[in-house]
Each structure stands twice: as C-alpha cells, then as structure tokens.
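Input: a single structure, listed below in structure tokens.
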Amino acid sequence: MTGSTALPTGTCGFVVLAAGSGSRFGGAKQVAVLGGRALLEHVIALAAQARQPPSPIVVVTGAHQAEVERTVVPRLGNHDGLSMCHNPDWSLGMSTSLRAGIDHLERTALNVEAALFMLSDQPLVSPDLLYGLQQRWHQGWTMTAPVHEGKLLGAPALFGRVWWPSIRSLQGDQGARGILETHRSEVGGVETDPGRLADIDTRQDLRCHAGTFLPTDCVP
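Heads up: take any position in the sequence shown, counting from 1, add 211, and you land on the numbering used here.
Right under this line is the structure:
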C-alpha cells in the first residue's frame, strides 16, 4: 500500500451523479421505473443502506433537474443527510458534476474526508460492494474501487480528500477512472461480479432487467 499512512478519522460522503441527459435512453433515465421504483430511487436507497451515519448523500442534478427533483424531494424526509445540488454546467461533461459534488460536500458537510461516487443508472450494485469500498478506505487506502481478477471496473469508486484536487482538474467528459488507472498502486480493490455494475443506457437495457431481483427489493 502506497496510500496514506494515517488511518482516516472523518466520514465518507456519497455523491450520486444524476446530471446526464440520457441521450441514448431518449429522456430522463434517472426517473425511469424498474421494479416499482425510479432508477435514482434505487441508488439513493443503496447509498442510505450502506453509509455510516452521519455520512451525507448528495444528488447532483443537471439536464432533467425538475424531473429528478420530483423523485428526490419526497425522499428527503426519509434519509437524514440527503441533499441535492444542481450543476448548471452539466452539458460540459461528467467532470463538472464530479466537481459540483465535492464542492457541495465541502460547503455543507463537516469532517468529510472521502467521496464515494455512484451513478444513478446502476441499480444492481451490491450493498456489500459499498461496504467494502468504505472498509478499504478505513484500512488506509486513499482510493478504492471494484475489481475483477485484478482489473479495475470503474464506478462506484471512493476518493479520499487528497485526490479531490486531481478530480477538480478533470475537463470535459473525463470521469475519474483515469486517476484510478494512473495511480493503480494506490487503489484498494474490492472483488466484484462485473454483472452487478451493469448500467441502464437504453430502454432495451431497462426491459432486459425487468423482473430481475434488485438489491433494494428488501429495502423499504
């Protein structure tokens, strides 16, 4: 391990990225219904289940702000620490939403030392993965991510505060995966079934997952 030698003492905030336009889906896929809930609702419920209170959850909105807010607002009273921030620059790419998320954490949450980024179109993510990413961080890794047979898989992924300047330096549609790959020796991996990271990009994807058992089926 070449990460931080001091174990973290702060909390890990969750940042749910829900700012995209859903061009391949043909609309606001964040609010598309799967298994009786909007995709975004599934992801919020997963974050709420896996977080360690008082860890905050931030939902970053963008292209479909009104539709997303209609989905999130009714849940605000159910989850302490759940908040929203709008990224007016969403059309400039994913990097702007990553920045918006960590900026919001810094403005509104005390003692947050890491950000765990989740995508609003990944309803199959296992809570065990989210627990594992946080556990690896508590063990001293400054970045943690899902892996399969040694290969990095991408989101969801956790970044300690030491990496936030690198995230802020991203441009356009760059995600944070490049940071993970460039500094692979500093990433604490969590073995994961790649199928659990499937995202819903198209309406056909949504139809294919109809009837699939979802991790949130047992979560109120």
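We put the beta carbon where it would ideally sit given N, CA and C, even for glycine. Since this is a predicted model, take the numbers as computed values, not measurements.
| task | Kindly indicate the opening and closing residues of the alpha helix (DSSP H) around residue 315. | result | From DSSP, the alpha helix (DSSP H) with residue 315 extends over 305–319.
| said: So the candidates are 243, 219, 293; which of them puts its Cα closest to the Cα of residue 414? | reply: 243
| Looking only at its own chain, which residues have a Cβ that is under 6 Å from the Cβ of residue 315, when we skip the five neighbours before and after it? | 269, 296
| message | For residue 221 and residue 267, which I take to be in contact (beta-carbon distance under 8 Å), what is that distance rounded to the nearest angstrom? | response | With a Cβ gap of about 12 Å, residue 221 and residue 267 do not count as contacting.
| Among the residues of its own chain, which have a CB less than 7 Å from the CB of residue 374, if the five just before and after it don't count? | 353, 354, 390
| query | Which residues share a DSSP beta bridge with residue 297? | reply | For residue 297, the pairing in a beta bridge is given by DSSP as 272.
| said: Which complete alpha helix (DSSP H) runs does the segment 365–428 hold, if anything under 4 residues is left out? | reply: 375–379, 388–393, 414–419
| C-alpha gap between residue 347 and residue 251, whole angstroms | Taking C-alpha positions only, residue 347 is separated from residue 251 by approximately 26 Å.
| request: Could you check if residue 284 is buried or exposed, using at least 16 other CB atoms within 10 Å of its CB as the buried criterion? | output: exposed
| field | Proximity to residue 400 [Cα-Cα], best of 377, 422, 350 | value | 350
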